[in-house]
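Asks:
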Amino acid sequence: MKTKILYTFLILLFSGGLSLSGQNVSFEKSNFPGKEKLFKEVMKIMKSADKLYSADYPDYKTALDLYLRANSFNPNNAELNFKIGKCYFERKNFPKATEYLEKAKSLDEHVDLELNFLLAKCYHIDYKFDKAIDLLIKFRQTLDPQTIKEYEKAIEKEINECKTGKKLVANPVRVYIKNLGPAVNTKYPDYSSVVNADNSILYFTSMRPSTTGGGIDEIRQQYFEDIYFTKKDSLGNWEKAKNPGKPLNSDNHDAVVGLSPDGQQIYIYKGETNGGDIFTSKLDGKVWTKPVSLGKNVNTAYHESSASFSFDFLTIYFVSNRPDGYGGHDIYRCKKDEKGRWGVAENLGGDINTPFEEASIFALPDGKTFYFSSKGHNTMGGYDIFKITYEDGKWSEPQNLGYPVNTTGDDVFFSISANGKYGYYSSRTKDGFGSLDIYEITFLGKEKEVVTNNEDNLLAFRTEGVKEEVIEKKVEIQDVNLMILKGTITDEYTKEPLPATIELTDLTNNKIVATFENNKATGKYLVSLPAGKNYGITVNSENCLFYSDNVNLTDKQGYKEVVKDIQLKKIAVGSKVVLKNIFFDSGKATLKPESQKELENLINILNEVKTLKIEISGHTDNVGSAKFNKALSERRAKAVVDYLISKGISADRLTYKGYGFDQPIATNDTPEGRQQNRRTEFKVISR
Amino acid sequence: MRQIFITLLLTTIIFGVKAQTGDNPAEVLDTIKTVSAADNQKAEKLYNQGIVQYQQGKYDEAVTKFDEAIKIKPNFAKAYFNRATCKAEQEKYAESISDYNMAILLDPAAKSYFSRGLVRYKMKDYTGAETDFKNAAASGTSTVKAQAFYYLGCVYFDGKKYEEAIKQYDKAIEAKPDYAYAFNDRGSAKRQLEKYQEALKDYRRAIQLNPQMAFTFNNMASVKKKLGDLEGAITDYTSAIELKPDYYIAYNNRGSVYMMKKEYNKALADFTKAISLKPDYAFAYNNRGNVKYKLKRYEDAIKDYNEAIKINPSYGYAYLNRGISKEMLRDESGACADWKKAYSLGIERAHSYVKAQCN
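Keeping their order, the protein sequence lines are chains A and B. Using this note's numbering, you'd call the opening residue of the first sequence number 1 and step up by one each time. Using this note's numbering, you'd call the opening residue of the second sequence number 1001 and step up by one each time.
#1: Are the region 37-51 of chain A and the region 125-140 of chain A touching by the rule of at least three beta carbon pairs closer than 8 Å?
#2: At a cut-off of 8 Å, would you count S360(A) as near the ligand FAD, judging by its Cβ distance to the nearest heavy atom?
#3: N552(A) lies in the alpha helix (DSSP H); which residues open and close that run?
#4: Can you pull out the residues from the region 433-464 of chain A whose beta carbon lies closer than 7 Å to at least one beta carbon of chain B?
#5: Specify, as a first and last residue, the run of the alpha helix (DSSP H) that Y228(A) falls within.
#6: Straight-line CA distance for I665(A) to G658(A)?
#7: Taking M1259(B) as the query, report the chain A residues whose CB atoms sit under 8 Å from its CB, ordered along the chain.
#8: Give a yes or no on whether 9 Å exceeds the smallest Cβ distance from A1337(B) to chain A.
#9: Taking only the alpha-carbon atoms, compute the straight-line gap between F1157(B) and E464(A) and give it to the nearest angstrom.
#10: Tell me which residues share the same chain as E1348(B) and place their Cβ nearer than 7 Å to its Cβ, disregarding the 5 neighbours each side in the sequence.
#11: Could you tell me which chain A residues have their CB closer than 7 Å to the CB of Y1047(B), listed as they occur along the chain?
#12: I need the straight-line Cα distance from G1128(B) to F1114(B), nearest angstrom please.
#13: Nearest chain B C-beta to Y424(A) closer than 9 Å, yes or no?
#14: Please compile the residues from chain B whose C-beta is within a distance smaller than 7 Å of the C-beta of E472(A).
#15: Starting from the C-beta of N453(A), find all residues in its chain whose C-beta is less than 6 Å away, skip the five residues before and the five after it, and write them out in chain order.
#16: Does the CB of G1289(B) have a neighbour CB from chain A at under 9 Å?
#17: Expressed to the nearest angstrom, what Euclidean distance is found between the alpha-carbon atoms of T611(A) and I571(A)?
#18: Of the residues F27(A), E36(A) and Y439(A), which one's Cα is nearest the Cα of P75(A)?
#19: Which same chain residues end up closer than 6 Å to M1123(B) when comparing Cβ atoms and leaving out the 5 residues on each side of it in sequence?
#20: Please classify L1029(B) as buried or exposed, where buried requires at least 16 neighbouring CB atoms within 10 angstroms.
#21: Going by DSSP in three states, Y1305(B) sits in which element: helix, strand or coil?
#22: For chain A, find out if any of its Cβ atoms is closer than 9 Å to the Cβ of F1283(B); answer yes or no.
#23: Just how far apart, CA to CA, sit L136(A) and T147(A)?
#24: Between Y176(A) and chain B, is the shortest Cβ-Cβ distance under 9 Å, so that the two count as touching?
#25: Evaluate R687(A) with the Cβ neighbour count: other Cβ atoms within 10 Å of its Cβ, from every protein chain shown; 16 or more gives buried, anything less gives exposed.
#26: What does a CB cutoff of less than 6 Å around L1277(B) pick up in its chain, not counting 5 residues either side in sequence?
#27: Closest by CA to T212(A), which one among I227(A), I416(A) and D198(A)?
#28: Please list the partners that D1185(B) has in chain A, where partner means a Cβ-to-Cβ separation under 9 Å.
#29: Comparing C-alpha positions only, which one of V319(A), V450(A) and V475(A) sits nearest to F1076(B)?
#30: Does any CB atom of chain C fall closer than 9 Å to the CB of M1213(B)?
#31: Leaving out the 5 sequence neighbours to the left and right, which residues in its chain are closer than 6 Å to I580(A) when beta-carbon positions are compared?
#32: For N552(A), collect the residues of the same chain with a Cβ closer than 8 Å to its Cβ; drop the 5 residues on either side in sequence, then sort them by chain order.
#33: By the 10 Å Cβ neighbour count, where 16 or more other Cβ atoms means buried, how is Y493(A) classified, buried or exposed?
#34: With burial defined as no fewer than 16 other Cβ atoms inside 10 Å of the residue's Cβ, what is the status of K103(A): buried or exposed?
#35: Please list the terminal residues of the continuous beta strand (DSSP E) segment that includes A1274(B).
#36: Should G523(A) and L498(A) be called a contact, given that it needs their Cβ atoms to be closer than 9 Å?
Pasting the structure below:
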């Protein structure tokens, strides 16, 4: 039973240990078997490093080097990783700081109270605002009521800065930011730039090896500040920066503070005296005069840095950390009296100054606009540059210049050219030359809107190109189915014109359609025969045998003009008339009703001339046998005679005969000819 | 004696026969008229042939036929009318008008006024067109009336008299309730008066009557764009394109809406399509340049603006836009030159840029 418990306990211990994502390897001899000698050395190194790390004025640089050596021996110690991370953080190498702090966290998230706080700051600086805020909240939760008091304000400020950062990054200002390039910037801090009014000369401060005297500030672990300048060349590029040397520069800190618009007067900070004071120097031809202090009211035992003059040079604005301010460095103002001496310094007040650091001030020549840097107000991290105006005795609300002008790091020393087009400031960015660099900002202003152009097809007819053009329709050609029958009526023998009447009969109903007369003098006649009827035409003249004709227009044949000269025969023995309007059923001897008119003509003439004796003869074409044709023609002739007799004509006046095809009057080779041959005639036998 | 008697008898009979007239004297007259008609139908035949030629699109030949017809029959109103139509097809507008004048003189029909009105309209004789359309509307059949009112509306529309135009379209619709074109154009007139909802109503009605009118979909979409209904606009432009796959105007319009929605790749595609359909469509080049500007591809944007300007050297907005891209490339002198040019071409806002930034 006991062993069971023991084993369970051991197993839990082991599994508990193994389940950790990273194993925190403590610096214990037992963890490094076989490396006792090296271990001893490393412990010594770490001890030295710890001393530097925990000193009143920590030397993070050296400590870092030592820690890194220890780290290569044992990279998996949470505390070591934390310390390295912190060193990097203090040295402002935030990517590295993040790396080591995260490693430390993965090994032991409770390795140091400040772990999450530092890590959150790293995220903040890297623009990972949400991550930072989450971690800050988490950090706060881990604090006990006592410690919370210490960190409360700082945590809140961090969170606010992150929130501000989010907002500003979401609405970037339209600027064009250009690094001034290797002619000006180096891997060392380059900052505090001022330009003259026409933007042709630039003065700035740098902590680089070419500093006058070449010395290093032990406390800041940097080369002493020196003043440098650069001019624009003919192409508009900044030339390689030059050191103006003494008397502007000294072996100690010499920094640019302000420049007069014409570039002939410079205000510099000299660290040598009095904790740091502001001096002024004039450009006498090509040489700077010996710098002169601005006096007691401006300069105190405290640290005075950045200064800017009003456009009329009667007021100086400067930064000082004298104790009567709001906290840290504040911005003050001194006015020149009639005697040319600087009056008492006034703090610009709580609208500008905050409990946090204010670091630089620049007055625009317009007399009311100022740019300053502050770690307070709504900075998004470190110092941010703000714009403020002073009108009617009142300061406006400080306005953060926005992202990407301001960053999560320190953005300081803003100055602007007189025409307001170009601003200069210092910032530390990933793609700089290292440390602080000087940048030129071009304010692009509100985005200019590009204009798109469109069109529509508002009117339908124009779009579709519709043809409304109308054409008048075709005219009905009156398909004239008409025959004009015209000619001259003459006497057969004398050839003289004969007066005659022309009778038109509709043979289908035996109705007389019309009766015309010809011209007596000329004998000319003209009859119009509209289509659609079967006409019988009878021409009568005095003392003549009638002339008959048939025009069948029952099928439309269009328009025809037919000239037919008619010769009338006097009633004389032997005169023959073709009865063109006698019709028989095909192959038979039955008279068709259309024959009515013609038969009436016959009756009329027989009645007119009572003594007339006639012979009716039948004729055929040559189709069929002679016998057949003869018989048929005879029967047909007889039919006519029978009809006449039935109408009261005495039989002794009538004879009939069938001639078959013996007496053709036209050729039998054509249908028209054959039609002509098929006829009934009457001949005058006697009068 | 007997002979005298016979002669007398015959004469009597003949006179008697003579006295007989046909049953239908009218028909007699008719035939005479018919005979004369038959004689002169040559003109009509030529006229009909002319119509056949016209229908085959052979306008020269058609005109010849009508010429001949008119030579034979100088009062042949229909021949003048048709010849006028042919001349209009041949864009010989002055001659067309003169023929219509003749046709109207001979036969002042609503149709003739209408047709002459159309040609006058083409010749931008708005006053003349107005008069003719009014005449046609007054006397024509409901079809002619509807058309006359419609074109009258269009004349007013062109003259920017939108209220008047609407009144005419109203009448056109009254005469022809399914006049899809009239609904479309009335919608456009209302749009010009910024009565957007009413415009949409008319456009919808037009589509109901004729769902094939791609341009109406386009017009609807543009109104929706103005109302901020971007989704609706895209839907309708798309419909327009579906109906008319080569509708470069609609592609260009749809691209602009995509731009407003910041869907830049879709906008790019549409402008590119418009260009491929109509390689000299300066608008599409300009607009595509704008998209590239938004995508921060300033050099590419400038290339497109260059094209637009090449096509139309007086394209003020292209200069304006190109200047903006040049500014982003820090080519201040180039930007200023472009803005000065844009201002000289009438683009007011370029002046403020020049004043602010250029010396």
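Glycine included, each C-beta is placed from N, C-alpha and C at the ideal position.
Replies: So, to answer that:
#1: Segments in contact, no.
#2: With respect to small molecules bound, the structure shown includes none, and the ligand FAD cannot be examined in it.
#3: Note, N552(A): premise wrong, no alpha helix (DSSP H); beta strand (DSSP E) at Y547 to N552.
#4: Taken in chain order, the members of the region 433-464 of chain A whose beta-carbon sits within less than 7 Å of a beta-carbon on chain B are K448, V450, V451, T452, N453, N454, E455, D456, N457, L458, L459, A460, F461 and T463.
#5: Secondary structure note for Y228(A): it is in no alpha helix (DSSP H), and the uninterrupted beta strand (DSSP E) holding it is D226 to K231.
#6: If you take the alpha carbons of I665(A) and G658(A), they lie about 15 Å apart.
#7: Ordered by position in chain A, the residues that pass the 8 Å Cβ test against M1259(B) are T452.
#8: no
#9: 17 Å
#10: none
#11: By Cβ distance, chain A contributes V475.
#12: 11 Å
#13: Under the Cβ criterion of 9 Å, Y424(A) is not counted among the residues facing chain B.
#14: K1078, F1081 and N1082
#15: none
#16: Yes, G1289(B) lies at the interface with chain A (some Cβ there is under 9 Å from its Cβ).
#17: 12 Å
#18: P75(A) has its Cα closest to that of F27(A), out of F27(A), E36(A) and Y439(A).
#19: Y1093
#20: Caution is warranted here: a pLDDT of 34 is assigned to L1029(B), below 50, making its placement in the model unreliable, and the coordinate value is therefore given only provisionally. Classification of L1029(B): exposed, given that the 10 Å Cβ count is below 16.
#21: helix
#22: yes
#23: 14 Å
#24: yes
#25: exposed
#26: D1246 and Y1248.
#27: I227(A)
#28: L458, L459, A460 and F461
#29: V475(A)
#30: Absence of chain C from the displayed structure is noted, the protein chains being A and B.
#31: It should be noted that the sequence gives Lys, not Ile, for residue 580(A). Cβ within range, chain order: S548, D549 and N550.
#32: N534 and Y535
#33: exposed
#34: buried
#35: First-last for A1274(B): Y1264 to L1277, but that is the alpha helix (DSSP H), not the beta strand (DSSP E).
#36: G523(A) places its beta carbon less than 9 Å from that of L498(A).
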